[in-house]
Structures are given as C-alpha cells and as structure tokens.
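Student: This structure is in structure tokens; I'll ask about it shortly.
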Amino acid sequence: EDKVVQSPLSLVVHEGDTVTLNCSYEVTNFRSLLWYKQEKKAPTFLFMLTSSGIEKKSGRLSSILDKKELFSILNITATQTGDSAVYLCAVGTSGTYKYIFGTGTRLKVLA
Amino acid sequence: DVKVTQSSRYLVKRTGEKVFLECVQDMDHENMFWYRQDPGLGLRLIYFSYDVKMKEKGDIPEGYSVSREKKERFSLILESASTNQTSMYLCASSSPVGAPYEQYFGPGTRLTVT
C-alpha cells in the first residue's frame, strides 16, 4: 500500500532557529512530491519536486528530494512567527490523478 | 491566479439531513478533488473527477456521492449526514495528468453534524 510519512508530527522552535521537516514515502511509480503550507485555511503550494538532488528555493525555504532513499526535506532558515503552520507533503504517482498526503508536521515558532 | 471557491466556510447540519457542498474553479482545470481533513489522519481523498460527468472513488467514498455537470463545478453530497462526517472538507483542482502538476485548494468547509 502506498504511504507517505512525515516527521516530526510537531515542533516548537524560537524565532531565528533553523528547522528541517522530513517526508518519506513508499509508492509505486513515483512521479512528483509536493510541499504545502497550511495555516487556518486552505493549503498553499510551496514546492514541487520531481528530480533527485536539485534544490528548490524560495526565500528562507528550500527543499530537496532523494529518490534513491525515498525522502524529501523542507528546510526553513531564520524562522519567523509567520512560519507557524502545518506543513503537508504529498506524493503523486504515474498513471493516476491522485496524490497521497502525509499527516503533516505542525510547526510553532515562538517570538 | 487560480481561484477555487467553496460554497460555505462553516456549516452545521443535523443527523440524517442531505448536505450539498459545492466547489467552483476558474482555471478550466479538468481534474477536481474532494478531501476531508481530520486531526491525526491528514487529507484523505473522497472522490475525484477527471472530466465532466466522470468520477472515481477515492480512499473513503462511503457515505458520499459527487456530481460534476459542468467543468468548473464539483459537488459533494452527503446523502444522510452522520456525526462521523463532522470534518473539514477541502476541494482542489489541477491541470491534466501527463505532466507533474500541483493541486490548488479551496478555503475549506468546516462541517459539523449534530
């Protein structure tokens, strides 16, 4: 059965800290991996990863995929209170329209 | 910008009522999805549609049905609401399969069934 596991489940840090969120997966026919940020509303798209070793970067956020070890990490440097959210990882497979979501990592950044 | 809208942000219904949740997208996307999100369980796919009048069951379709009469609109129907259907419901849309694509989400409907 396809599955996506995120760790840690929750995390509390102080402003300025760097955090690393993990997403591991076991799926057949991997196609892409997506990261979303969810505050008290709809998930908003952060990154899409399809190739190993190529870092995607947006401001203080970056992400990379390892297709050999079947995981991705999302890094947030110099965290701010506005980074507090649930971060979701989703994996898509070839031949289907569906994505499989992890349960998310809840990040709380304290001032 | 893609816009996905849902008919209600909050809804309270009684057990046994028929409930309609509506989703509209404005980007001419072929694919539309309904998820429910519960604490500790993440997003779980209820149904999705890859074309008008076409639908496929997701992972948890029991107790739900869907309707897609127009490309931009995808409705989720709870035929007889039950308390275990209290949840956050999220609609999403995406461009066709064939290339890696991202899903765009609506704001969600928090449904409470009493």
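In order, the protein sequences belong to chains A and B. Residues 274 to 384 (the working numbering) make up the first sequence, in order. Residues 27 to 140 (the working numbering) make up the second sequence, in order. C-beta atoms are modelled at their ideal positions from N, C-alpha and C, and glycine is treated no differently.
(1) Nearest-angstrom Cα distance between B:L71 and B:Y90?
(2) Could you have a look at A:G326 and say whether DSSP puts it in helix, strand or coil?
(3) Okay, do the segment 39–47 of chain B and the segment 364–382 of chain A touch, 3+ Cβ pairs below 8 Å being the bar?
(4) Does any residue of chain A have a CB that is nearer than 9 Å to the CB of B:R62?
(5) Cβ closer than 8 Å: which chain A residues qualify as neighbours of B:N57?
(6) State the DSSP-derived secondary structure class of B:G42, mapped to helix, strand or coil.
(7) Label B:N110 either buried or exposed according to how many other C-beta atoms from any shown protein chain fall within 10 Å of its C-beta, with 16 as the threshold for buried.
(8) Contact defined as beta carbons within less than 8 Å: I believe A:L380 pairs with A:A363. What is the distance between those atoms, to the nearest angstrom?
(9) Can you tell me where the beta strand (DSSP E) with A:Y309 in it begins and where it stops?
(10) Determine whether the beta carbon atoms of B:Q32 and A:Y372 lie at a separation below 9 Å.
(11) In whole angstroms, what separates the C-alpha of B:R136 from that of B:S34?
(12) How should B:M53 be labelled, buried or exposed, when 16 other C-beta atoms within 10 angstroms of its C-beta is the threshold for buried?
(13) What residues of chain B sit near A:F303, judged by a beta carbon separation below 9 Å?
(14) Pairs of beta-carbons, one from the segment 80–96 of chain B and one from the segment 278–289 of chain A, closer than 8 Å: are there three or more?
(15) Residues in the same chain with beta-carbon distance under 6 Å from A:Y298, minus the five sequence neighbours each way, listed in chain order, please.
(16) With a threshold of 7 Å on Cβ separation, who are the neighbours of A:F303 within its own chain once the five nearest residues in sequence on each side are excluded?
(17) Using only the alpha-carbon positions, how far apart do A:Q353 and A:L322 sit?
(18) Check this for me: beta carbons of B:F74 and B:G84, under 9 Å apart or not?
(19) Against chain B, which members of the segment 288–317 of chain A pass a CB distance test of less than 7 Å?
(20) Any C-beta of chain A within less than 8 Å: which residues of the segment 64–76 of chain B qualify?
(21) Determine whether the beta carbon atoms of B:F59 and A:Y370 lie at a separation below 9 Å.
Tutor: In short:
(1) Working through the second sequence from its first residue, we reach residue 71 of chain B at position 45. Working through the second sequence from its first residue, we reach residue 90 of chain B at position 64. Each residue's alpha carbon lies about 11 Å from the other.
(2) Here residue 326 of chain A corresponds to residue number 53 of the first sequence, with the count starting at 1. Residue state, collapsed to three classes: coil.
(3) no
(4) Residue numbering aside, residue 62 of chain B sits at position 36 when the second sequence is read from its first letter. Not an interface residue.
(5) The sequence position of residue 57 of chain B within the second sequence is 31, counting from 1. Result: Y370.
(6) Within the second sequence, numbered from 1, the residue matching residue 42 of chain B stands at position 16. It is coil, neither helix nor strand.
(7) In the second sequence, counting from the first residue as 1, residue 110 of chain B sits at position 84. Exposed, by the Cβ-count rule.
(8) Here residue 380 of chain A corresponds to residue number 107 of the first sequence, with the count starting at 1. Here residue 363 of chain A corresponds to residue number 90 of the first sequence, with the count starting at 1. The pair is not a contact, with the Cβ atoms about 17 Å apart (cut-off 8 Å).
(9) Sequence index remark: in the first sequence, residue 309 of chain A carries index 36 (1-based). Where A:Y309 is concerned, the enclosing beta strand (DSSP E) stretches over F303 to Q311.
(10) Here residue 32 of chain B corresponds to residue number 6 of the second sequence, with the count starting at 1. Here residue 372 of chain A corresponds to residue number 99 of the first sequence, with the count starting at 1. Cβ distance not < 9 Å, so B:Q32 and A:Y372 don't count as in contact.
(11) As a position in the second sequence, residue 136 of chain B is number 110, starting the count at 1. As a position in the second sequence, residue 34 of chain B is number 8, starting the count at 1. Each residue's Cα considered, the two are about 8 Å apart.
(12) Within the second sequence, residue 53 of chain B is the residue found at index 27, counting from 1. It is exposed - the Cβ of B:M53 has fewer than 16 other Cβ atoms within 10 Å.
(13) The residue you call residue 303 of chain A lines up with position 30 of the first sequence. Under the 9 Å cutoff, chain B gives no residues; its nearest Cβ is about 11 Å from A:F303.
(14) no
(15) Looking up residue 298 of chain A in the first sequence gives position 25. V277, L343 and V364.
(16) Within the first sequence, the letter at position 30 stands for residue 303 of chain A. Excluding sequence neighbours, A:F303 sits near K340, V364 and T366.
(17) By 1-based counting over the first sequence, the position of residue 353 of chain A is 80. By 1-based counting over the first sequence, the position of residue 322 of chain A is 49. Cα to Cα, A:Q353 sits roughly 24 Å from A:L322.
(18) Here residue 74 of chain B corresponds to residue number 48 of the second sequence, with the count starting at 1. Here residue 84 of chain B corresponds to residue number 58 of the second sequence, with the count starting at 1. Yes. Within cutoff.
(19) R304, S305, L307, K314, A315 and P316
(20) G66, L67, G68, L69, R70, L71, F74 and Y76
(21) Translated into positions along the second sequence, residue 59 of chain B becomes position 33. Translated into positions along the first sequence, residue 370 of chain A becomes position 97. Against a cut-off of 9 Å, the Cβ pair of A:Y370 and B:F59 comes out as a contact.
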